[in-house]
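*Asks:* Taken in sequence, the protein lines are chains A and B.
FYI, this note's numbering numbers position 237 of the first sequence as 237, with every residue one higher than the one before it.
In short: position in the second sequence from 1, add 1000, done, that's this note's numbering.
For each residue, glycine too, the CB sits at the ideal point set by N, CA and C.
If you're wondering where the values come from, they're calculated on a predicted model, not measured in any experiment.
To start, I am sharing the structure in question, which I have written as C-alpha cells.
2 protein chains.
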Amino acid sequence: MLVWKLIIRGLLMDFIISSEGIKNKNIGIVCGPDTLSGVRKIASKVAGDIKAVFGYEPQVAESPRFKSPICVGITGDKLIRDIGIDTSDIDGKREVYKLEVTGNALVITGSDKRGAIYGLFKLSEMLGVSPFIEWLDVKPPKMSTFKIPSGYCMVSKEPSVKYRGFFINDEWPAFGNFCMHNFGGFNAKMYEHVFELLLRLKGNYLWPAMWAEIFPEDGPGLANAELADELGVVMGMSHHEPCLRQGEEYKYLRGPKSIYGDAWNFLKNEKGITRFWEDGLKRSGRFENVITVGMRGEADTAIMGKDATLKDNIDLLRKVLKTQNQLIRKYVNPDLDSVPRMLALYKEVEPYFYGDEKTPGLMGDPELNNVTLMLCDDNFGNLRTVPTPAMRKHKGGYGMYYHFDYHGLPVSFEWFNTSGLTKTWEQMTTAYDFGIRELWIVNVGDIFSNEYPLSFFLDLAYDFDRWGTTNPDAATEYTKLIVDRIFGSNVSKSDRHAICDMLQGYTRITTARRTEAMNDRVYNAFNYNETFDLLDEIDSLMKKCNRMREKLEGNTEFAFYEFLWLPLTAGLNVQRMWLLTTLNHAFADLGSTYAMTLADMIKECIAFDRRIVDELHKIHGGKWYGMGLSEHIGFNNWCEEECKYPVICTLEPANKERLITIVKGSCQSTEGKFWTGRVLLLDQFLDPSCDEASLFLSTACGKKVKYSVESPCKGLSFSSMEGTVKPYDLYELKVKIDRKAIKRGDSTEFCIHSADGYTVVKVPFNRASSFKGEKVCHWTGRKDYGEDLIKANIFDRSLKKEAFGMNYISIPADGYSRCFSSPSSASFRLIRDYSRGMDAVKAYPQEEVFGTKNAPYLEYRINVPSAGRYDVTLYTNPSNPFGREPRILVGYSINGGNIKKINMIPEGFAVGDGNPYWSQGVLDNVRKTTFTVELNEGLNTLNIHAVNPNLVLQKIVICEEGAEVPDSYLGPKPTYRT
Amino acid sequence: MLVWKLIIRGLLMDFIISSEGIKNKNIGIVCGPDTLSGVRKIASKVAGDIKAVFGYEPQVAESPRFKSPICVGITGDKLIRDIGIDTSDIDGKREVYKLEVTGNALVITGSDKRGAIYGLFKLSEMLGVSPFIEWLDVKPPKMSTFKIPSGYCMVSKEPSVKYRGFFINDEWPAFGNFCMHNFGGFNAKMYEHVFELLLRLKGNYLWPAMWAEIFPEDGPGLANAELADELGVVMGMSHHEPCLRQGEEYKYLRGPKSIYGDAWNFLKNEKGITRFWEDGLKRSGRFENVITVGMRGEADTAIMGKDATLKDNIDLLRKVLKTQNQLIRKYVNPDLDSVPRMLALYKEVEPYFYGDEKTPGLMGDPELNNVTLMLCDDNFGNLRTVPTPAMRKHKGGYGMYYHFDYHGLPVSFEWFNTSGLTKTWEQMTTAYDFGIRELWIVNVGDIFSNEYPLSFFLDLAYDFDRWGTTNPDAATEYTKLIVDRIFGSNVSKSDRHAICDMLQGYTRITTARRTEAMNDRVYNAFNYNETFDLLDEIDSLMKKCNRMREKLEGNTEFAFYEFLWLPLTAGLNVQRMWLLTTLNHAFADLGSTYAMTLADMIKECIAFDRRIVDELHKIHGGKWYGMGLSEHIGFNNWCEEECKYPVICTLEPANKERLITIVKGSCQSTEGKFWTGRVLLLDQFLDPSCDEASLFLSTACGKKVKYSVESPCKGLSFSSMEGTVKPYDLYELKVKIDRKAIKRGDSTEFCIHSADGYTVVKVPFNRASSFKGEKVCHWTGRKDYGEDLIKANIFDRSLKKEAFGMNYISIPADGYSRCFSSPSSASFRLIRDYSRGMDAVKAYPQEEVFGTKNAPYLEYRINVPSAGRYDVTLYTNPSNPFGREPRILVGYSINGGNIKKINMIPEGFAVGDGNPYWSQGVLDNVRKTTFTVELNEGLNTLNIHAVNPNLVLQKIVICEEGAEVPDSYLGPKPTYRT
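Structure below.
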C-alpha cells in the first residue's frame, strides 16, 4: 500500500507509452487484488490493443513493479483507494470513468464495472484503436510513443440511455453457419467476440440469438451467461421470451410427461408454465439481466386465438404479470423495483396496453410499476406510437426496439447493411425527445455488415448530447468519425473522405429500396432518367470502391473489404442487376436490340453476385464463412420462398431496317413511321437553365441503321448530324440549344431520317429572360422575388393535350423562400440527405403538437400559368401516427388564406402485416399525400404549417387537378427555379 | 347451216367425251361466226381443262367438222339458232345457261355472255375440274371417257346476288411483289389469271388493286379494262374511287399547272375535279362497270376536315352526286337508270346518308335513285347497320362490302387466311335476309390463301337457295364440296374427310384470334388449361397436315400445300409460338426452369416461320414469290409498325432444391414451403363425371428434384407415388379418384414431399349420385329433370373464400332443356361450330324484330346451392346494332317471372376506329353481357327470349354476384351437367 504512494507522490510528469517502455517492462497494466475479473479480462484486451499499436504487449499484473503503470479499478477497489484517487466526481454514477495522469501512473477508475471497462477502451480509442479491432481485424496505425500530459484528468458522462444494445436475430443461415464453422456453436467462445464488440461500442445490453439456440445452455451450460455477467453485459431476451427462458427451451422441454406440461398456454397449463418460468429465474436470475415479462404466443405470434376478445387477452396478461412478478420476488430479488424488467408493446400487445373505451388496458397496472415499457418501430425504422406527456411519467421508463434487419412482412431485409444514418438519427432522436431513454435495442441480424449503423446507434444512445437532436449534421460527422476510427492514418485524409462518400453513397441507394424488395418494377425505366442516373451513380461508386480496394494493402485492405467494399458491392450489384432488368424489359418491350446487351449485363451481375459470396466464404481462411448464405434476390414473398433471379428478356431482331428513337428522360419513343405518325417532344429546354438534352437511338433489327438529322433551326446543334447505329447498342444523340440564335417565330422542330422512318421531334423552349426581363421559373426560393412578375410558357397546353411534356412543378423540401419560427422559437429545420437521395424539413421541437396559431411554417412560392385548381402532392417519410389516433396532421395555406389541416394518414391505414398502405410505405420509404388548391395566375404562396409531430417533408409536386404526372419511383426531379 | 341440222337431226345418242375421241379429232369445241371473243377465250380454257382430264386438247373451231361437237354460244347467236336450241327458258335471264345433249352435240347456250361462260365452266366442273385448276395449278383426276346421257338438259338458275366479286387489296408487299416477279406489273397478263379465277368461281365483279396501281393504265394502257370487258368481268373501283378513276391517278395528274388542279377538294377545285371525273368516264365508260359515285378524302379518309358540320358534308355530297350523274348521263348513257352505280356507305359516309334530327341525310335524294347503296361490315366480318323494311324498297338495292382481309384499326389481318365459313354464312345470310342482294364484294387481300372462304362467299352469292339461310350445315357441306372439287379422286375419301377436318380445324383457331393480333397476353396460361389444350390441338393439326403432305405427290401435293398446308401451318405456327410465349412468361414468372425449354421451342417456331416463307418464295420456280413478305408477328399498332417477335424470358435457376407444383387447369401453384403454407385445391372431382385430374411438377432449380406422394386416402391413386423431376422439364402427375373406395368422413387431402417442401393438396369431390339418388349437376339439359331434386355441394363456400375453386356454372349455348317456337314458327336454331370453337344459337327469321309476346325462347335450367343474387354473363358474337339505334336487346326471365329486356350494346359503344368496346370485341370475337338475377336454392329456370336481330349466343356463365370467375380468353369450359 505504501509503495503506491511512493510511486505517485511528488511527481509531476507526462504519461508516456512507448514501444521501448513496453518492451522494457517499464509500462504495464496494474490491477488490484480485488479488481473484478471482467475488468481484468478487458485489461488484457487493452494490453492487446497496445501491442497492436506499439508492437509490444504490456503485462497485466497486480504488483506495482512498472515505472509507468496503467492502473485500473473501480471506486472502492483497494488499488484505487491505495492510489488515493478522488472518486467523489464519479461515485454513485452509472458507467462512468475517470482517466487521470497522476504521478507516474495513468489511472482508470470506473464508477462501476462497466465504467472501468469503458475507461479501459477509452484508452484504446485514444491510442487510435478502432472498436472493430477484434471483430473486423482492424489493425490500428503503428506508433512508437504516445503522450498523455501530466495533470490530464477526464471524467466521462453518464450514458444518455440506460440499456443500449443489440439483438442477434434471423441468424440462419448466415450467422448460424458462421458460428458453427468458426466456433462449433453459439458458445462462449463466440459470444466473447460479441460481448467485446458490444462493450467497445459502449453498449451494455444484448439479446442473444434465439431461432434455434438457447443462450443459457449453449455456453456450454451456463458459460455464456457467466461470461456475460463477468464482462458486465446485461442480458435480455427477446420481447417474447419471459423470465429468462428462451422460446426454444419450451420446445424441447414440453411433453405429455414433462413437468412443464405440453402447452404454451397459461390458461390451460398455468402450472407447467409457471414452473417453467420459475426454473428459468432460478437458473439465471443471479446474473445481470433485464427480465422480459408478459407473454406472447410461440414463435413470435399472438398469444390467444382470433376469437379471444380484447378483455380476454388483457385479463390473461394481468394474470401472467402478477405470476411473473411473484416469481421474480421469490427467486431474484424481493425488492422488485430494483430488478430491471421489460414488457414489449410489440404487435398485438400494443392494443392490450392501451385498451379501448370499454376495456381498460394494462397502462397503469400496478404490476407494471417500474417495468420498462418497450415500444418499437414498425420493423422498418419508423417509430410507432410514442408516449404522451402523461405517459412519460411512468416510473419504469420506456424502451425502443429498432430494426437494421427484419425477417417478416411485407419483405424481409437481411442481406448486408441497408440502413443509413440520417433517418436513424431522425427517428431515434424523436424517440429520445419523446422520453424513450431507458432502453434502446436494435435488431442487427447477423451483426456483420451492420457495423456502420450499429456503431452510430450505440454512440447516439451513449452520448445524446453530442450526436442527438442538437446536432443536425450528426450523420455526416459520425461517418467521418467512424472512418477515422477504423482507418486513421492507415489511409490518407482524402481517401478517408472518399470512404465517407461511399458509405453515404451506398446507403443512400440501399435505403431507398432494400435489397430483397428490389426488383425490375421499382424504378421507371425512362421517366426522369431515374434508372439510367442511378445506374451511373452505382457504376461510379462500385468503380471507386474497387479502385480503393486495389490501392489498399494488408489488414487495411481487409478492413475496407469488410466494412465497405462488401456491403457496398454486394448491395449495389443487386441494385444494378435489377435496374438493368428494368431496362432490359423496357427495351425488349420496345423491340430494341439493346435489350440483348442488357441481358448479358444482367447475367454478369448474377455471376458477380456468386463470386462475391464465394470470396466472402473463403477470405481470411473462412473467417466469415456462412455470411453470404442468405437468399437475397427477387423476393416474391416476405421470405425467400419462391424468390427468383431476374427474368431476362430477349427477342429475335426485326426483319427490316428500323431505328428506335427515345427521348431521354421520358417514355416517348417511336420508329418514325408514316402510319402512326407519332411526334416526339423534347421538353427539357422549357427550363431556361438547361441547354443540353438527348435522344437515345437504338435498332429494332440486327443490322446497322444509318440516320441523318434534318434541322432547319440554327439555334439547335447536334452531337452528330448523321451516323450509324449498331445493333445491340444504345447511342446518345445530344442536342444543344443556343437560344440567342433562335429568332421569334423560328421553328425548332427537327427530324431524324432513317430507312423509311422519319422521326419528328418538337422542341419547345423558354428563353432565359422571356418575361419582363425576369427569368421564367416554375417556383422560386428567393424571398425578394416580385409578386408581379411572372407569366410564362410553363405548361404548354397544346403539348399537354398529347399527354406528355413537362406538366408539373417539382420543389425540393429546401426550396422554401422563407422559414417562419414560432414565438417560442419552434422552427422547421433542414435535415440533409434524409432518404431516397433527398433532403427533408421537419419542425422542432419534434415532440411538440402545434396549435394553428404560432406554429412554425415554411413559405413556398410557385408560379402557374393560369388560375385554376391544382393538385399539390407532398412527398414525406412514411411516418406512423405518433399517438393512438390514426393521424398526422399538416397545415397549408394559399396566398395568406386560412390554414387548412389535412391528415396524411390515409383511411384504412394501420401499422402491421398485410396493411397495403403501410406495406407500400415501408417498401417505397415514402408517403404521398395530395390535396387540391385554388391558385391564381402567376406567383402564389403555399405555406406549409407544422401541426403534428412526424411530418418529414421531402418534396412538393404540383400539377393541374387530375393531371397525371409521369410515373416514377423517386418522383419528378426539381423543375426550374430562380 | 344445213349441215348442222343434218348432224343433230334424228339422232338419239349419249354424248361421250373420250381421250380417243379428242385425239382423233372427233370431239371439238365449236363456236359460231358471231360468238363473242370472250366466250371463245373461255372455250379455249375449257379445251385446256379437257386436255387436263383426257390427255388431249380438243380443237376450238368454227366449222362443224367434229363427229361430237361441243357447241357454245348465247341466245341469238347464229350457231345456237342454227342448231335450233329452244332458248325460251333462258331468254332475258341474267347469267343463265342451258346445257343440253341434242343429237350428236353437247350445246352450251348462255342467256348472255356470262351465262355462256358459266355454262362452259359447268362442263369443266362436270369433268371434275376444280375452279382452281389455273390459279392453284390443281390437276383434275384423269379420265378416258365421260358420258352425258342423251336427252340431258339442264338450265341453270339466275344467280341470287347480281354483282358478286372480290377486291384485291392491301396488296403490298405480298401480292405486289408476286405481280412484279411473275408478270412485271399489274397488267393484263396477270389480270387474266384473276378474271379466270373470278369467273370459274361464278363471280362477275372485281375491284382491282389500287394502293399504288391504276387499273385502266397498267394493262399496259387500257388492256386490263378491255380484257375484263371481253371476258365479261364487271369492273368496279373501290368505295372511294368515283367515276372510274383510281385514287392513285389524281396523285400523279395533279399539280399547279394540271388541268385537274392541285386539290382533291370539290369545294376549292370543283372545275379540276369535275374534269378529272369527266376524263375517267370518257376513257372507261364504254366498258361494263359499276360506277362508284360520291366522294371521300384521299387515301380512304374523311372528305372534309374535323370542323365541318354534318350539313356541310351532306350538302357537299349532294352537289358531288349531281355533278357525277350529269357526267355519267353525258359520257356513259343518257339513261342513267340503266347505268350500274354504287355509293358506299362506308365509315363517315354512313351518318351522311342517315342525317340526324336537324339535317336530313342523303336517304331518298333523287340523285341516288337507282344507285346501289353499298353497306359494309365493320371490317372484321360483323355487319353494320342493315336496311329497315322501308329502306329495302330503295330502287337501286343494297350491296355489302365484306372483309377476309383488313388493313386498319384495331389490328390488321393480312397474313394468310384467318376466316372460317360459319360466321361468314351467318353474317351474309343475315345480309341477304335483310334485302342486301344487289352486290356482294369481299376484300380478299392478296387472294392467295383466301380461296377457301372466297369460294364459299361467291357460291353463296350465286346460289343462295342451296347454301343460304335454309341450310344450317352449309359451312360443313361446302367444305366437303370444295375439297372434293380440288382433290376429287386424286385423294382417298377418308383423306378428303381429314382435309375437311383440317380446314375447319385451323380456321376455328385462326378466327378465334387472328394472326397479327395474337400475342402472349391473349390466352390465359393456366386457367381451364386453355393454352395447353389449344397447343395440343395445334400440334395434332400440324402433325396430321405434315403427314398428309408427305403422303401426297406431284400436283396433288402442291395443291394441298397451297390450299391447306401453307395457311394451316403458317397460321398455326404463329399461334403456337405465342401460346408457348404465354407459357414461357408464366413459367418464368413462377421461376420454373421449364421456361427455358419453352424458350427453345419459341425459337424453333420463329425459325420455322422463316423456313415456311423461304419455301413459299422458292416453290414451283417462284410461282408465289412475294406472298410471304407481309410482317405478321406481334403487332403493336394496327399496322406492322413496331411489330416484334415474342419477348422470350429466361432466368437463372434457383440455388436450392425446389419443386414447383401447379394444379393443372388453374393458376394455383406453390413450392410448398412452411412460411407461406399455401394449400392447393384440386377441384375437378366436384364434377361427378370426372375421375382424373393432374398436377404439373417442375423445378425452380437446375438440379433434379425428388418427390414422393403421401396419401392416406384409398380412393385416390397416382400415376406414380415417387419420382424425380428433371430441371427444364414439365412432369404431369395424374390423380385418379375411385369414389366408391372413399368412406364418408375420409380425408382426401394428400401431400407431395420434396427437399424441404411439402405441398398440401385438398381434393373436394362429389359422388356420382350424392343427393336423393339423383346426379349432382350444375345445370341440366334434360327437360324431364325434376324440380324438387337437387341441392348439392356445387360451390364449396369454404374453398371459395380462398379465392379459388369452381365457383361458377358454365352452360354452352346448346345446353338448353327446351326450345319454344313462336306461333308464327319463329324459333331459335343451332349453328354448329360458329366461332371460338363453340356452337351458337340464333332466332330465325333472323331479320325479324320480336315483341315480348310470341317471341321464341330457350329454357336453361340451372342448379344453385343457395338462394341469392347471381351474375349471369352471356357470351355472344360481337354483333353490331342492326339499326341506327345503339341497341341489341335480349330478353330473359327467371322461373317464369316477367321478361326483362337488356341491351347488349354497352354505353359508349360505336363501330369504328378507336372505340374501345368495338375494338375489343372484334379482336376477341366475343361480347360479354352481364346481368344480375335472384335465384332460388336448387333448380331454377332461366329463359332467354329473342327480341332484336343479331343475338348470337354461345355460352352462359353464372356466378354469385360480384364473384370473379378465373380469367381466360375462351371463358370457362362447360361445368357438369346431367
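Ignoring anything shorter than 4 residues or poking outside the stretch 1354–1405 of chain B, list the alpha helix (DSSP H) runs there in chain order.
*Replies:* none
*Asks:* Determine the burial state of Ile1662(B): buried for a count of at least 16 other Cβ atoms within 10 Å of its Cβ, exposed for fewer.
*Replies:* Position 662 of the second sequence holds residue 1662(B). With 16 or more other Cβ atoms within 10 Å, it is buried.
*Asks:* For a contact defined as C-beta to C-beta under 7 Å, what are the partners of Leu651(A) on chain B?
*Replies:* For the purposes of this step, residue 651(A) is taken as the residue at position 651 of the first sequence. Under the 7 Å cutoff, chain B gives Lys1644, Tyr1645, Pro1646, Val1647 and Ile1648.
*Asks:* Does the Cβ-Cβ distance between Leu1321(B) and Val1293(B) come in under 8 Å?
*Replies:* As a first step, residue 1321(B) is located in the second sequence; it is residue number 321 there, counting from the start. As a first step, residue 1293(B) is located in the second sequence; it is residue number 293 there, counting from the start. Yes.
*Asks:* Under 7 Å Cβ-Cβ, which residues of chain B neighbour Gly591(A)?
*Replies:* Translated into the one-based positions of the first sequence, residue 591(A) becomes position 591. Within chain B, the residues near Gly591(A) are Glu1642 and Lys1644.
*Asks:* Is there contact between the stretch 1606–1616 of chain B and the stretch 634–647 of chain A, where contact requires at least three CB pairs shorter than 8 Å?
*Replies:* no
*Asks:* Are the stretch 327–334 of chain A and the stretch 369–379 of chain A touching, with three or more C-beta to C-beta distances below 8 Å?
*Replies:* Counting C-beta pairs closer than 8 Å gives fewer than three between the stretch 327–334 of chain A and the stretch 369–379 of chain A, which falls short of the contact rule.
*Asks:* If the cut-off is 8 Å on Cβ atoms, which residues from the stretch 730–755 of chain A count as contacting chain B, listed in chain order?
*Replies:* none
*Asks:* Taking 8 Å as the CB-CB cut-off, is Cys713(A) touching chain B?
*Replies:* Counted from its first residue, the first sequence places residue 713(A) at position 713. Chain B contact via Cβ: absent.
*Asks:* The beta strand (DSSP E) with Glu553(A) in it runs from where to where?
*Replies:* Your numbering for residue 553(A) matches position 553 in the first sequence. Here Glu553(A) belongs to no beta strand (DSSP E), and DSSP marks it neither H nor E.
*Asks:* Tell me, please, which residues DSSP counts as bridged to Ile1441(B).
*Replies:* If you number the second sequence from 1, residue 1441(B) lands on position 441. Beta-bridge pairing links Ile1441(B) to Gly1165(B) and Tyr1401(B).
*Asks:* Is the beta carbon of Pro972(A) closer than 8 Å to that of Ser810(A)?
*Replies:* The sequence position of residue 810(A) within the first sequence is 810, counting from 1. The sequence position of residue 972(A) within the first sequence is 972, counting from 1. Taking 8 Å as the Cβ cut-off, Ser810(A) and Pro972(A) qualify as a contacting pair.
*Asks:* Would you mind telling me which residues of chain B sit closer than 8 Å to Ala654(A), beta carbon to beta carbon, in chain order?
*Replies:* Within the first sequence, the letter at position 654 stands for residue 654(A). What Ala654(A) touches in chain B: Cys1643, Lys1644 and Tyr1645.
*Asks:* Would you list the residues sitting across from Ser1893(B) in a DSSP beta bridge?
*Replies:* Translated into positions along the second sequence, residue 1893(B) becomes position 893. The partner list for Ser1893(B) (beta bridge, DSSP) reads Asn1943(B).
*Asks:* Spatial neighbours of Gly1297(B) within its chain, please: CB distance less than 6 Å, with the 5 preceding and 5 following residues excluded, ordered by chain position.
*Replies:* Translated into positions along the second sequence, residue 1297(B) becomes position 297. If you ignore the 5 residues before and after Gly1297(B), its C-beta comes within less than 6 Å of the C-beta of Ile1303, all in its own chain and listed in chain order.
*Asks:* Starting from Arg1818(B), trace the beta strand (DSSP E) both ways and give me its first and last residue.
*Replies:* The residue labelled residue 1818(B) in the question sits at position 818 within the second sequence. Looking at the DSSP string, the run of the beta strand (DSSP E) that includes Arg1818(B) is Arg1818 to Phe1820.
*Asks:* Measuring CA to CA, which of Lys1743(B), Glu1562(B) and Glu1692(B) is closest to Cys1713(B)?
*Replies:* Your numbering for residue 1713(B) matches position 713 in the second sequence. Looking at the Cα atoms, Lys1743(B) is the closest of the given residues.
*Asks:* Can Glu158(A) and Glu95(A) be called in contact, C-beta distance under 8 Å?
*Replies:* For the purposes of this step, residue 158(A) is identified with residue 158 of the first sequence, where counting begins at 1. For the purposes of this step, residue 95(A) is identified with residue 95 of the first sequence, where counting begins at 1. A contact, by the Cβ cut-off of 8 Å.
*Asks:* Are the CB atoms of Arg1254(B) and Asp1262(B) nearer to each other than 8 Å?
*Replies:* The residue labelled residue 1254(B) in the question sits at position 254 within the second sequence. The residue labelled residue 1262(B) in the question sits at position 262 within the second sequence. Yes, the pair counts as a contact, with Cβ atoms nearer than the cut-off.
*Asks:* Mind checking the stretch 1691–1725 of chain B against chain A and listing, in chain order, the residues whose C-beta falls within less than 9 Å of any C-beta there?
*Replies:* Ala1700
*Asks:* Say whether chain B places a C-beta atom closer than 8 Å to the C-beta of Glu671(A).
*Replies:* In the first sequence, counting from the first residue as 1, residue 671(A) sits at position 671. Interface flag for Glu671(A) against chain B is set, since a Cβ pair is found closer than 8 Å.
*Asks:* Who are the Cβ neighbours of Glu1979(B) in its own chain at under 8 Å, not counting the five residues just before and after it?
*Replies:* The structure shown does not extend to residue 1979(B), since chain B is modelled only from 1001 through 1978, so no value can be given for it.
*Asks:* 8 Å is my cut-off, CB to CB: does Cys639(A) come that close to chain B?
*Replies:* Position 639 of the first sequence, counted from the start, is the residue given in the question as residue 639(A). Yes, contact with chain B.
*Asks:* Give the secondary structure of Leu1680(B) by DSSP, where H, G and I count as helix, E and B as strand, and everything else as coil.
*Replies:* As a first step, residue 1680(B) must be located in the second sequence, where it is residue number 680. Of the three classes helix, strand and coil, the one that applies to Leu1680(B) here is strand, per DSSP.
*Asks:* If you check the beta carbons only, do Phe1982(B) and Ile1482(B) fall under 8 Å apart?
*Replies:* Because chain B is modelled from 1001 through 1978, residue 1982(B) falls outside the range shown and cannot be assessed.
*Asks:* Taking the alpha-carbon positions, what's the Glu934(A) to Asn1925(B) distance?
*Replies:* For this step, residue 934(A) is matched to residue 934 along the first sequence. For this step, residue 1925(B) is matched to residue 925 along the second sequence. So the alpha carbons of these two residues sit roughly 47 Å apart.
*Asks:* Can you tell which of Val1872(B), Leu1503(B) and Leu1127(B) has the C-alpha that lies nearest to the C-alpha of Leu1421(B)?
*Replies:* Position 421 of the second sequence, counting from 1, holds the residue named residue 1421(B). Among Val1872(B), Leu1503(B) and Leu1127(B), the Cα nearest to that of Leu1421(B) is on Leu1503(B).
*Asks:* Would you call the stretch 1953–1966 of chain B in contact with the stretch 1905–1925 of chain B, where contact means no fewer than 3 C-beta pairs closer than 8 Å?
*Replies:* No: fewer than three Cβ pairs fall under 8 Å.
*Asks:* Between Ala188(A) and Ala461(A), what straight-line distance do the alpha-carbon atoms span, to the nearest angstrom?
*Replies:* In the first sequence, residue 188(A) corresponds to position 188, counting from 1. In the first sequence, residue 461(A) corresponds to position 461, counting from 1. Within the model, the alpha-carbon separation for Ala188(A) versus Ala461(A) is close to 26 Å.
*Asks:* Under the DSSP definition of a beta bridge, which residues are partnered with Gly1868(B)?
*Replies:* If you number the second sequence from 1, residue 1868(B) lands on position 868. Partner(s): Leu1935(B).
*Asks:* On the three-pair Cβ rule with 8 Å, is the stretch 419–436 of chain A touching the stretch 533–540 of chain A?
*Replies:* no
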